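Numbering (the working numbering), first residue to last: 11 to 303.
Even for Gly, the Cβ is constructed at its ideal location relative to N, Cα and C.
If you're wondering where the values come from, they're calculated on a predicted model, not measured in any experiment.
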Amino acid sequence: MAAKTPTYPDLGKLARDLFKRGYHPGIWQIDCKTLTNSGIEFFTTGFASQDNSKVSGSLQSKYKIEDHGLTLTERWNTDNWLFGEIMQRDKLAQGLMLAVEAKFQPGSNEADGKFKMGYAQDNFNFLADIGLNSEPILNCSLVVGHKEFLGGVGTEFDVGNTELKGWKVALGWTNETATLHGELKNGDTWLASLFYKASEKIDAGVEVTKGAGGGGEADGEQQGGDVVVNLGMIYHLEEDALIRAKVNNLVELGLGYEQKLREGITASISAVLDCNNFKDGNHRFGVGIALQC
Numbered sequence: 011m012a013a014k015t016p017t018y019p020d021l022g023k024l025a026r027d028l029f030k031r032g033y034h035p036g037i038w039q040i041d042c043k044t045l046t047n048s049g050i051e052f053f054t055t056g057f058a059s060q061d062n063s064k065v066s067g068s069l070q071s072k073y074k075i076e077d078h079g080l081t082l083t084e085r086w087n088t089d090n091w092l093f094g095e096i097m098q099r100d101k102l103a104q105g106l107m108l109a110v111e112a113k114f115q116p117g118s119n120e121a122d123g124k125f126k127m128g129y130a131q132d133n134f135n136f137l138a139d140i141g142l143n144s145e146p147i148l149n150c151s152l153v154v155g156h157k158e159f160l161g162g163v164g165t166e167f168d169v170g171n172t173e174l175k176g177w178k179v180a181l182g183w184t185n186e187t188a189t190l191h192g193e194l195k196n197g198d199t200w201l202a203s204l205f206y207k208a209s210e211k212i213d214a215g216v217e218v219t220k221g222a223g224g225g226g227e228a229d230g231e232q233q234g235g236d237v238v239v240n241l242g243m244i245y246h247l248e249e250d251a252l253i254r255a256k257v258n259n260l261v262e263l264g265l266g267y268e269q270k271l272r273e274g275i276t277a278s279i280s281a282v283l284d285c286n287n288f289k290d291g292n293h294r295f296g297v298g299i300a301l302q303c
């Protein structure tokens with residue numbers, strides 16, 4: 011049985027997806043997912059930057075051996091990196107996940123890898139990974155759930171130098187219509203978000219972030235210590251179409267439209283407009299196509 015308590019990276023995911031998913035600022039994107047008769051799942055994604063015409067992409071294959079609880083994943087990208095992962099779940103113990111992940115670049119002979127472990131039950135979810143190199147970094151996180159409340163903690167530890175490199179704590183509350191999430195990182199970066207399902211057709215959210223300083227990016231990212239407030243919504247026109255919109259206190263307006271053209275084909279267009287300088291601002295447009303067969 012799947013655990014009810016999410017992993018630490020999934021905390022606040024509903025609000026985060028409201029502001030990230032479906033927007034393709036400055037790129038053309040195509041995704042293709044297919045499942046062969048032998049049970050191998052292929053996922054291909056490609057990006058083309060509108061600024062410098064750079065094209066990049068990746069090809070991933072995944073095969074599950076259900077009898078042994080194994081999942082084998084391979085991936086290659088246009089930077090010539092090869093990735094591989096072997097994962098076993100729920101066989102040695104219910105809720106236990108063990109995995110080994112590795113990556114290799116033939117051109118430079120650069121290689122890296124990590125060992126991952128997770129253990130999840132109804133009221134907690136633990137994740138850990140450690141690098142398989144000469145200077146390993148240990149990442150650990152734990153989320154505990156009680157009724158509608160969630161609490162999480164995560165650390166990043168340099169094993170070789172016995173040094174704590176970072177920490178984070180999170181608190182959350184969730185029910186069928188609303189999810190509230192707050193997070194503090196290293197004492198100087200924080201985030202608070204609220205996702206609210208106003209009706210069957212309307213999803214709304216607000217996100218407030220404060221960066222640690224030292225510069226940042228636009229479009230709602232942390233702005234070098236400034237507080238950024240984002241408001242967003244999704245309106246479902248019908249079963250096969252929806253409209254996205256978001257705005258922040260930097261006066262950046264995001265708009266998106268998604269349409270299911272037919273079974274297995276979905277197209278989306280989006281734009282992020284710099285309303286502070288509407289005539290000559292840094293407006294970014296994007297197009298995405300998702301294929302599944």
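Which residues DSSP lists as bridging residue i, in chain order
i	result
residue 250	Its beta-bridge partners do not exist; DSSP assigns none.
residue 149	139, 166
Residue environment, residue i, which counts as buried when at least 16 other CB atoms sit within 10 Å
i	result
residue 75	exposed
residue 212	exposed
residue 102	exposed
residue 15	buried
residue 156	exposed
residue 172	exposed
residue 230	The predicted position of residue 230 is uncertain, since its pLDDT is 44 and thus under 50; a value taken from the coordinates is nonetheless stated next. Buried: at least 16 other Cβ atoms inside 10 Å.
residue 208	exposed
Pair within 8 Å by beta-carbon distance, residue i and residue j
i	j	result
residue 271	residue 160	no
residue 58	residue 86	no
residue 169	residue 142	no
residue 310	residue 71	In the structure as shown, the chain starts at 11 and stops at 303, and residue 310 therefore has no counterpart that could be examined.
residue 177	residue 164	yes
residue 255	residue 243	yes
residue 162	residue 144	no
residue 257	residue 241	yes
residue 82	residue 98	no
residue 198	residue 180	no
residue 41	residue 300	yes
residue 129	residue 106	yes
residue 210	residue 185	no
residue 190	residue 182	yes
Nearest-angstrom Cβ-Cβ length linking residue i and residue j, presumed shorter than 8 Å
i	j	result
residue 135	residue 153	5 Å
residue 124	residue 139	5 Å
residue 25	residue 205	4 Å
Neighbour flag for residue i against chain C, beta carbons, 8 Å
i	result
residue 176	Considering every chain present, this structure includes no chain C. It has just one protein chain.
Does the count of Cβ pairs from the segment 30-44 and the segment 273-290 closer than 8 Å reach three? yes
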